[in-house]
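**Student:** Got a structure here, written out as structure tokens. Questions coming.
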Amino acid sequence: MSDSEDDGPVFTGGKLSFLGDLKKKKKKKKKKKKRKAEELEEEVEEEVEEEVREDAEEDTEGAADDDDTDDEYPDMTAAEKSAARKKKMREADEIAKVAGKSHRERIDEYNEKLGKLTEHNDLPRISAAGNG
Numbered sequence: 003m004s005d006s007e008d009d010g011p012v013f014t015g016g017k018l019s020f021l022g023d024l025k026k027k028k029k030k031k032k033k034k035k036k037r038k039a040e041e042l043e044e045e046v047e048e049e050v051e052e053e054v055r056e057d058a059e060e061d062t063e064g065a066a067d068d069d070d071t072d073d074e075y076p077d078m079t080a081a082e083k084s085a086a087r088k089k090k091m092r093e094a095d096e097i098a099k100v101a102g103k104s105h106r107e108r109i110d111e112y113n114e115k116l117g118k119l120t121e122h123n124d125l126p127r128i129s130a131a132g133n134g
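The C-terminal position of the sequence shown is numbered 134 in this note's numbering, with every residue numbered one higher than the one before it.
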């Protein structure tokens, strides 16, 4: 056999394909429509104005706590600021609750809690002899 004879398709490398796929249709990419720069600028300006209005309304309605969180977290959204405020309040309540009890009272409370647990929570006695 000589190299000049064509016995069929010759594999030249690359992705394998079926012989019937010679007329395979290629998918056309959809072109994205670009917005005009003016429309984008107008939208940005409107968003900025809305944020300024919302901030002004929050300042008039908010208490002194708002000012604290605004100063601490200037890059947070309103929802994030309120969540941070609530978290601080919860932490303060927890600290006040713990600080109100002495060490002895906390130990007694813990022992009472352990005493109320059912026996199926207890570990069985384990011995080295293996007899239970």
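Cβ atoms here follow ideal geometry from the backbone N, Cα and C, with glycine treated the same way.
Taking the alpha-carbon positions, what's the residue 84 to residue 48 distance?
**Tutor:** Residue 84 and residue 48: Cα-Cα distance of roughly 24 Å.
**Student:** In whole angstroms, what is the alpha-carbon distance linking residue 54 and residue 46?
**Tutor:** Their Cα atoms are separated by approximately 12 Å.
**Student:** Using the Cα positions of residue 139 and residue 94, report the straight-line distance between them to the nearest angstrom.
**Tutor:** No information on residue 139 is available, as it lies outside the stretch 3 to 134 that the chain covers here.
**Student:** Could you give the distance in angstroms between the alpha-carbon of residue 102 and the alpha-carbon of residue 43?
**Tutor:** Between residue 102 and residue 43, the C-alpha separation is close to 57 Å.
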